[in-house]
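One structure below.
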Ligand code: FES
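Numbering (the working numbering), first residue to last: 62 to 170.
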């Protein structure tokens, strides 16, 4: 079995609507993951790039949250219209989409 070159872990954690932490599912992450899967397949990348469903990534305030491995790049506030840019820029050209980054400063509490 071939190894994947990259994994996108897309938080699909679900919390109750009144939970103050919020959750990525309520912000549309399930649709976003389906879009990644569909587009990666259309581009013939699905055998080397995997769009995984993930539980909470502990970046709830920035959701929908995605982390890309092996490079450990975190994206937040990802919208459906960002999927193509992440694929074309990060996945295909290995150029990080700077405007969507959750950087270390944001993680600091
Ligand atoms: S619910 Fe998505 S990062 Fe926590």
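The C-beta atom is built at its ideal place from N, Cα and C for all residues, glycine as well.
The model shown is predicted, which means the values in this text are computed figures rather than measured ones.
Where the beta strand (DSSP E) through residue i begins and ends
| i | result |
| --- | --- |
| residue 67 | 67-72 |
| residue 126 | Where residue 126 is concerned, there is no enclosing beta strand (DSSP E), given that its DSSP letter is neither H nor E. |
| residue 134 | 134-136 |
| residue 110 | 110-115 |
Residue i versus the options, residue with shortest Cα-Cα distance
| i | options | result |
| --- | --- | --- |
| residue 75 | 136, 66, 89 and 67 | 89 |
| residue 172 | 103, 156 and 71 | One cannot answer for residue 172 here, as it falls past the ends of the chain, which runs 62 to 170. |
| residue 134 | 118, 81 and 96 | 118 |
Proximal residues to residue i (C-beta, below 7 Å), its chain only, five neighbours per side dropped
| i | result |
| --- | --- |
| residue 137 | 120, 123, 124, 126, 161 and 163 |
| residue 114 | 71, 73 and 94 |
Contacts around residue i, its chain only, beta-carbon distance under 8 Å, and the 5 residues preceding and following it disregarded
| i | result |
| --- | --- |
| residue 100 | 144, 145 and 148 |
| residue 169 | Reliability fails at residue 169, whose pLDDT of 49 lies under 50, so the model's placement of it is uncertain and the value that follows must be treated cautiously. Within the same chain, residue 169 has no close Cβ partners at all. |
| residue 141 | 89, 92, 93 and 96 |
Sub-8 Å separation of residue i and residue j beta-carbons
| i | j | result |
| --- | --- | --- |
| residue 91 | residue 112 | no |
| residue 110 | residue 67 | yes |
Where the alpha helix (DSSP H) containing residue i begins and where it ends
| i | result |
| --- | --- |
| residue 90 | 90-103 |
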